[in-house]
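Student: The structure's right below; bear with me while I get my questions together.
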Amino acid sequence: APLRSAHAAHAMMSAAALGRVHPSVVAPRATRVSSKRAIASVAALAPSRAAEKRLRTTMRRRRSEATRATVSKDNVFADSASIQGLTGLGVGASAGSDTRSFPEEVTLMPHRERLKVFSGSAHPELSDEVANYLGMELGTSTIKKFADGEVYVQIKESIRGCDVFLVQPTCPPNVNDNLMELLIMIDACRRASCRSITCVIPYYGYARADRRTSGRESIAAKLTANLLTESGATRIVMLDIHSLQTIGYFDIPVDHIYGETVILDYLTSKDFAPKDLVVVSPDVGGVPRARAFAKKLCDAPLAIIDKRRTGHNKAEVMNLIGDVDGKVVVMVDDMIDTGGTLLAGAKLLRDSGAREIYACATHAIFSPPAVERLGSGVFTEVIVTNSIPHTEDRDFPQLTVLSVGNLLGETIWRVHNDTPVSFNKL
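Heads up: take any position in the sequence shown, counting from 1, add 32, and you land on our numbering.
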């Protein structure tokens, strides 16, 4: 009993030191307090001591979390709720007697600064046009090749938490090099802790290898899609893909943009008489594209060229479906490679009485001898876009090159702001 009384007295004195009981209750009579009263006093104090312990543990944990979750200029994931939560935990406020220091203010990266656009080496001119439309500078990076041909990529600025857009067509003359460079750029950005990686691919290489036409063939379009996805890309923006089924090869979102809308605006400015226009599809597979184009171009009638291929990059025109006599003909295709299909079709249209022939395509691959064929005088004008870099050796008098820089820039801005890109549909 005396031992229990002493323990009770010690507990009472501790409570007095903490300010929970008046000192007069403790000192004189602590040694004479009975065992029952001592036990009762300790029991009364137990809930308060437990509550104090819980409070101290909670505050210690919250301050630890606040320190780890402090928002700075490099952390762009914080929102208003996060800031309010940190403020409630004491970040930026006085900590009383605690001497530990906390940030005085919380700073968020502006929404526009989260947008970063980087250019590969395939088409820097188009990337500059995109950046000019967005009113910003291209991101700084180093891209070079070692002596053995290996590609080296380094991002020279912080992209932590940013929405990164990589502009790189996988186009000739170095399709494989451009593709590998894009994959390495994706990997570099992924390892730099960016929030999202969107590949803007004006020309998608291997797009024509989208199905098997005979046994033991590869489907390179699907393989390329797998490479882009597995390397870390989170979204793809592509321009006039050869076949829409290629979109299904990706396991990530794909935004398909129609470069033909730029060509459509250019043709509309020529003020053709609607009754004189005929839109021609150079093959049966391009009928849906030509039909949508004709509907936008004064709802012009449609004609179809039936062709039969005798081999890769070779075509033989068989028949013309539709009337083109005395008409202004607009031939629409997604790309021009060697120009054999268009030239054979144009000759058939001339023989059928066409007055003028305009050849339109988004992608100007122009593999030899395309320049000689297209510049032979059969076409009134050949209209293409700059989805593939244009050089002087690919030039001829009838050629008109339109820019898709503004179109891609608008698409990038809409994707960054999570708004629809359906403004571009035919």
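For each residue, glycine too, the CB sits at the ideal point set by N, CA and C. Note that the structure is predicted; figures quoted are calculated from it, not measured.
With contact counted as at least three CB pairs below 8 angstroms, one residue from each stretch, are the stretch 365–382 and the stretch 393–405 in contact?
Tutor: Touching, yes, given that three or more Cβ pairs across the two stretches are closer than 8 angstroms.
Student: Over the uninterrupted beta strand (DSSP E) stretch that includes Phe150, give me the two end residues.
Tutor: In the sequence shown, residue 150 corresponds to position 118, counting from 1. First-last of the beta strand (DSSP E) with Phe150: Leu147 to Ser151.
Student: Please list the segments of the alpha helix (DSSP H) lying wholly inside the stretch 226–301, counting only runs of 4 or more residues, in order along the chain.
Tutor: Here the runs fully enclosed are 252–263 and 292–300.
Student: Counting Cβ pairs closer than 8 angstroms, one from the stretch 146–154 and one from the stretch 204–220, do we hit at least three?
Tutor: Verdict: yes, contact present.
Student: Which runs of the alpha helix (DSSP H), 4 residues or longer, sit entirely within the stretch 357–402?
Tutor: If we require 4 residues or more, the alpha helix (DSSP H) runs fully inside the stretch 357–402 come out as 372–383.
Student: Please state whether the Cβ-Cβ distance between Ile279 and Val269 is less than 8 angstroms.
Tutor: Counted from its first residue, the sequence shown places residue 279 at position 247. Counted from its first residue, the sequence shown places residue 269 at position 237. No. Outside cutoff.
Student: Cα separation between Leu329 and Val183?
Tutor: The residue you call residue 329 lines up with position 297 of the sequence shown. The residue you call residue 183 lines up with position 151 of the sequence shown. Roughly 45 angstroms between the two C-alpha positions.
Student: Rounded C-beta distance between Ala393 and Val416? I'm assuming under 8 angstroms.
Tutor: Here the question's residue 393 lines up with position 361 in the sequence shown. Here the question's residue 416 lines up with position 384 in the sequence shown. 5 angstroms between Cβ atoms; contact.
Student: Helix or strand or just coil, what does DSSP make of Asn351?
Tutor: Indexing the sequence shown from 1 puts residue 351 at position 319. Strand at Asn351.
Student: For a quick check, are the C-beta atoms of Ile191 and Cys221 less than 8 angstroms apart?
Tutor: Within the sequence shown, the letter at position 159 stands for residue 191. Within the sequence shown, the letter at position 189 stands for residue 221. Yes, they are a contact pair.
Student: Per the contact definition of three or more C-beta pairs closer than 8 angstroms, is the stretch 371–385 in contact with the stretch 260–275?
Tutor: Judged by Cβ distances under 8 angstroms, the stretch 260–275 makes no contact with the stretch 371–385, as fewer than three pairs qualify.
Student: Evaluate Asn210 with the Cβ neighbour count: other Cβ atoms within 10 Å of its Cβ, from every protein chain shown; 16 or more gives buried, anything less gives exposed.
Tutor: As a first step, residue 210 is located in the sequence shown; it is residue number 178 there, counting from the start. Classification for Asn210: buried.
Student: With distances taken Cα to Cα, identify the nearest neighbour of Cys203 among Glu413, Leu271 and Tyr165.
Tutor: Along the sequence shown, read from residue 1 onward, the residue named residue 203 stands at position 171. Among Glu413, Leu271 and Tyr165, the Cα nearest to that of Cys203 belongs to Leu271.
Student: Look up Arg340 in the DSSP assignment and say whether it is helix, strand or coil.
Tutor: Translated into the one-based positions of the sequence shown, residue 340 becomes position 308. Strand at Arg340.
Student: Taking the CB atoms as reference points, tell me whether Phe325 and Val356 lie closer together than 8 angstroms.
Tutor: Here the question's residue 325 lines up with position 293 in the sequence shown. Here the question's residue 356 lines up with position 324 in the sequence shown. Contact: no.
Student: State the DSSP-derived secondary structure class of Val447, mapped to helix, strand or coil.
Tutor: Position 415 of the sequence shown holds residue 447. Of the three classes helix, strand and coil, the one that applies to Val447 here is helix, per DSSP.
Student: Tyr236 to Asn164, Cα distance in whole Å?
Tutor: Within the sequence shown, the letter at position 204 stands for residue 236. Within the sequence shown, the letter at position 132 stands for residue 164. Looking at the two C-alpha atoms, the distance is approximately 23 angstroms.
Student: Could you tell me which residues DSSP pairs with Tyr165 in its beta bridges?
Tutor: Along the sequence shown, read from residue 1 onward, the residue named residue 165 stands at position 133. None; Tyr165 has no bridge partner.
Student: Just to confirm, is the Cβ distance from Val453 to Ile289 under 8 angstroms?
Tutor: As a working note, residue 453 is residue 421 in the sequence shown. As a working note, residue 289 is residue 257 in the sequence shown. Going by C-beta atoms, Val453 is nearer than 8 angstroms to Ile289.
Student: Distance, Cα to Cα, Ala332 vs Leu309?
Tutor: For the purposes of this step, residue 332 is taken as the residue at position 300 of the sequence shown. For the purposes of this step, residue 309 is taken as the residue at position 277 of the sequence shown. Approximately 6 angstroms between the Cα atoms of the pair.
Student: For Ser435, does the three-state DSSP call read helix, strand or coil?
Tutor: In the sequence shown, the residue the question calls residue 435 occupies position 403. Coil, per DSSP.
Student: Is Ser454 helix, strand or coil when you go by DSSP?
Tutor: For the purposes of this step, residue 454 is identified with residue 422 of the sequence shown, where counting begins at 1. Three-state result, Ser454: helix.
Student: Suppose the cutoff is 8 angstroms on Cβ atoms and the five residues either side in sequence are ignored; what does the same chain contact list for Ile233 look like?
Tutor: Residue mapping note: residue 233 aligns to position 201 of the sequence shown, counting from 1. The residues are Gln200, Pro201, Thr202, Leu214, Ile268, Val269, Met270 and Leu271.
Student: Leaving out five residues on either side along the sequence, give the residues of the same chain with a beta carbon under 6 angstroms from the beta carbon of Asp283.
Tutor: Along the sequence shown, read from residue 1 onward, the residue named residue 283 stands at position 251. These residues qualify, in order along the chain: Thr261.
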